[in-house]
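See structure below.
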Amino acid sequence: MTTRSADASPYPRLLIDVGAIRRNYARIQSLTGTADVAAVVKADAYGLGAATIAPALADAGAQHFFVANGREGASLRAALGPDPSIFVLHGYWTEDAPLIEASGLIPVINTPGQLQDWLNGSGGDFALHFDTGINRLGIPMSQLAAVQERCAERKPCLVMSHFACADEPGHRLNRDQIDRFAGVRAAFPGVRTSLANSAGCLLGGDALGDLVRPGIALYGGAPGSGKHPFESAVQIEAPILQVRRATRPETAGYGATWCAEGDCMLATVALGYADGIHRAAQNGGYGRLDGIKVPIAGRVSMDLITLDVTSAGDAAHPGAMVSFLGEDLDAFANASGTLAYEVLTRLGARFERVYR
Numbered sequence: 261m262t263t264r265s266a267d268a269s270p271y272p273r274l275l276i277d278v279g280a281i282r283r284n285y286a287r288i289q290s291l292t293g294t295a296d297v298a299a300v301v302k303a304d305a306y307g308l309g310a311a312t313i314a315p316a317l318a319d320a321g322a323q324h325f326f327v328a329n330g331r332e333g334a335s336l337r338a339a340l341g342p343d344p345s346i347f348v349l350h351g352y353w354t355e356d357a358p359l360i361e362a363s364g365l366i367p368v369i370n371t372p373g374q375l376q377d378w379l380n381g382s383g384g385d386f387a388l389h390f391d392t393g394i395n396r397l398g399i400p401m402s403q404l405a406a407v408q409e410r411c412a413e414r415k416p417c418l419v420m421s422h423f424a425c426a427d428e429p430g431h432r433l434n435r436d437q438i439d440r441f442a443g444v445r446a447a448f449p450g451v452r453t454s455l456a457n458s459a460g461c462l463l464g465g466d467a468l469g470d471l472v473r474p475g476i477a478l479y480g481g482a483p484g485s486g487k488h489p490f491e492s493a494v495q496i497e498a499p500i501l502q503v504r505r506a507t508r509p510e511t512a513g514y515g516a517t518w519c520a521e522g523d524c525m526l527a528t529v530a531l532g533y534a535d536g537i538h539r540a541a542q543n544g545g546y547g548r549l550d551g552i553k554v555p556i557a558g559r560v561s562m563d564l565i566t567l568d569v570t571s572a573g574d575a576a577h578p579g580a581m582v583s584f585l586g587e588d589l590d591a592f593a594n595a596s597g598t599l600a601y602e603v604l605t606r607l608g609a610r611f612e613r614v615y616r
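Using our numbering, the letters of the sequence shown correspond one by one to residues 261 to 616.
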């Protein structure tokens, strides 16, 4: 076991590269031609801190933002000021009415009932969301004609839908949704249109519409399974608390699921599932110590992860920082049996968030 003085920090940090997020926004602008690029900052900007990220995106040119609900929208309005438009994806609910009015939010109407309530009670802007195939939120296409008639005197400022399979460019549903959305566009001539999420931005052509809505691409995650042009913007640094030697047949962690194959060095870092790291990350997850891959050894605990740092040699010592995510975000998500979206939004409040 190795020791070192206790002057190093025992706390993990979340390093957030705001410059990379701004550059990702610019890349999306270059990919999508004349379409306006909105920013999806729901779930506190995917866990990274909307109060910091959204103003940086506004400085980069974003004029339109999407959040999940009215509370998120009100908080975002306080951070952004009065000018940008803020769309509320969960629609119009009576409980949110005071927030929507006071904060100048735009509800994304998902049902004919919401539309009726909004038109009866407010004179503000609204968007219409039509379900073209994801069967999640949105007005059924069978209601298109009735909604068109209901909006004869008050037009929406935006009509939108959402791709189900844009991360699979060859999936037949992409073309089906584009074709169905063409009917929405025809029903509301002159109204701005929006269909593309992050993966949809990479489809190009008639998948784009007038306004695209990237989320994960802004933060460096993969919109699909292939290569992508976006920079990593998020990295965890977790300090090594203790280093010890182990040899066959010693085990590490709860359940003794990991066994040493020979002489090795183990390091335990201050990071765990209480910080949002999946327990499933033991199945191929890794960090980097001095740039060297160091695999997880055994189960992820609440506050601790043990790593096999044999390959890192003298770089492994108490106080040394092990990095996670970064360029390995999608690989770490795959090892955890999930997506980059979930990895980011699970990152907990115990991290010191450092913006650069």
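By construction, the Cβ of each residue, glycine as well, lies at the ideal position given by its N, Cα and C atoms.
Original post:
Is the Cβ-Cβ distance between residue 558 and residue 515 less than 9 Å?
Top reply: The Cβ-Cβ distance between residue 558 and residue 515 falls below 9 Å.
Original post:
Does DSSP put residue 261 in a helix, in a strand, or in coil?
Top reply: Interpretation of residue 261 is limited by its pLDDT of 48, a score under 50 that renders its predicted location unreliable; the figure taken from the coordinates is listed afterwards. Of the three classes helix, strand and coil, the one that applies to residue 261 here is coil, per DSSP.
**OP:** Determine, using beta carbons only, whether residue 426 and residue 462 come nearer to each other than 9 Å.
**Re:** Residue 426 is a Cβ neighbour of residue 462, given a cutoff of 9 Å.
Original post:
I think residue 525 touches residue 560, with their Cβ atoms under 8 Å apart; what is that distance to the nearest whole Å?
Top reply: 19 Å between Cβ atoms; not a contact.
Original post:
Looking only at its own chain, which residues have a Cβ that is under 8 Å from the Cβ of residue 337, when we skip the five neighbours before and after it?
Top reply: Answer for residue 337: 346, 363, 364, 365, listed in chain order.
**OP:** In angstroms with no decimal places, state the Cα-to-Cα distance between residue 480 and residue 278.
**Re:** Spanning the alpha carbons of residue 480 and residue 278 requires a straight line of approximately 11 Å.
Original post:
Taking residue 577 as the reference, which of 492, 325, 505, 326 has the closest Cα?
Top reply: It is 505.
Original post:
With a CB to CB cut of under 8 Å and the five nearest residues on each side skipped, what residues in its chain are close to residue 405?
Top reply: Here the set comprises 447.
**OP:** May I have the straight-line CA-CA distance separating residue 611 from residue 325, to the nearest angstrom?
**Re:** Here the alpha carbon of residue 611 sits roughly 26 Å from the alpha carbon of residue 325.
Original post:
Where does the unbroken beta strand (DSSP E) through residue 325 begin, and where does it stop?
Top reply: Residues 324 to 327.
**OP:** Using alpha carbons as the reference points, say which of 423, 428, 380, 373 lies closest to residue 403.
**Re:** Residue 373 is the option with its Cα nearest to residue 403.
Original post:
Considering only residues of the segment 514 to 596, which uninterrupted alpha helix (DSSP H) runs meet the minimum length of 4 residues and lie entirely inside it, listed in chain order?
Top reply: As far as the segment 514 to 596 is concerned, its whole alpha helix (DSSP H) runs of at least 4 residues are 589 to 595.
Original post:
Rounded to the nearest angstrom, how far is the Cβ of residue 419 from that of residue 388, given a contact under 8 Å?
Top reply: The C-beta distance from residue 419 to residue 388 rounds to 5 Å, short enough to fall under 8 Å.
Original post:
In terms of residues, what are the limits of the alpha helix (DSSP H) holding residue 441?
Top reply: Unbroken alpha helix (DSSP H) run through residue 441: 432 to 447.
Original post:
Between the segment 581 to 600 and the segment 524 to 540, do three or more beta carbon pairs fall short of 8 Å?
Top reply: Taking 8 Å as the limit for Cβ pairs, the verdict is that the segment 524 to 540 does touch the segment 581 to 600.
Original post:
residue 315: which of 455, 285, 486 sits nearest, CA to CA?
Top reply: Between residue 315 and the set 455, 285, 486, the nearest pair of CA atoms involves 285.
Original post:
residue 494 and residue 589: beta carbons closer than 9 Å?
Top reply: Their beta carbons are under 9 Å apart, which means residue 494 touches residue 589 by this criterion.
Original post:
Under three-state DSSP, which class holds residue 356?
Top reply: Helix at residue 356.
**OP:** State yes or no: is the C-beta of residue 459 within less than 9 Å of the C-beta of residue 483?
**Re:** Result yes, Cβ atoms of residue 459 and residue 483 sit closer than 9 Å.
Subject >> Rounded distance between the beta-carbons of residue 340 and residue 368, thought under 8 Å >> reply: The beta-carbon distance between residue 368 and residue 340, rounded to whole angstroms, is 18 Å. This is too long to meet the 8 Å contact definition.
**OP:** My understanding is that residue 301 touches residue 310, with C-beta atoms under 8 Å, so please give their C-beta distance in whole angstroms.
**Re:** Cβ atoms of residue 301 and residue 310 come within 8 Å of each other, at about 5 Å.
**OP:** Pull up the distance between the alpha-carbon of residue 582 and that of residue 496, whole angstroms please.
**Re:** Straight-line Cα distance between these residues: approximately 8 Å.
Original post:
For the alpha helix (DSSP H) that residue 462 lies in, which residues bound it at each end?
Top reply: Residue 462 -> alpha helix (DSSP H) spans 458 to 463.
Original post:
Hey, residue 615 and residue 312 are a contact pair by Cβ (cut 8 Å); roughly how many whole angstroms apart?
Top reply: With 8 Å as the limit, residue 615 and residue 312 qualify as a contact, their Cβ atoms being about 6 Å apart.
Subject >> With 16 other Cβ atoms within 10 Å as the buried cut-off, status of residue 267 >> reply: By the neighbour-count definition (other C-beta atoms within 10 Å, threshold 16), residue 267 is an exposed residue.
Subject >> Cβ-based burial, residue 261 [other Cβ within 10 Å; buried from 16] >> reply: For residue 261, the pLDDT reaches just 48, beneath the cut-off of 50, and the residue's location in the model is therefore unreliable, although a value from the coordinates is still provided. A residue is called buried once 16 or more other Cβ atoms fall within 10 Å of its Cβ, and residue 261, having fewer, is exposed.
Original post:
Which partner residues of residue 454 appear in the DSSP bridge assignment?
Top reply: Beta-bridge partners assigned by DSSP to residue 454: 420, 469.
Original post:
Taking residue 465 as the reference, which of 435, 487, 501 has the closest Cα?
Top reply: Checked all of 435, 487, 501; the closest Cα to residue 465 is 435.
Original post:
residue 512 bridges to which residues according to DSSP?
Top reply: The partner list for residue 512 (beta bridge, DSSP) reads 518.
Subject >> Those residues which DSSP pairs with residue 502 across a bridge >> reply: The partner list for residue 502 (beta bridge, DSSP) reads 528.
Original post:
Name the DSSP bridge partner or partners of residue 345?
Top reply: Residue 345 has 324 as its beta-bridge partners, per DSSP.
Original post:
Any idea if residue 439 is buried or exposed, counting beta-carbon neighbours within 10 angstroms, 16 or more meaning buried?
Top reply: Residue 439 comes out exposed.
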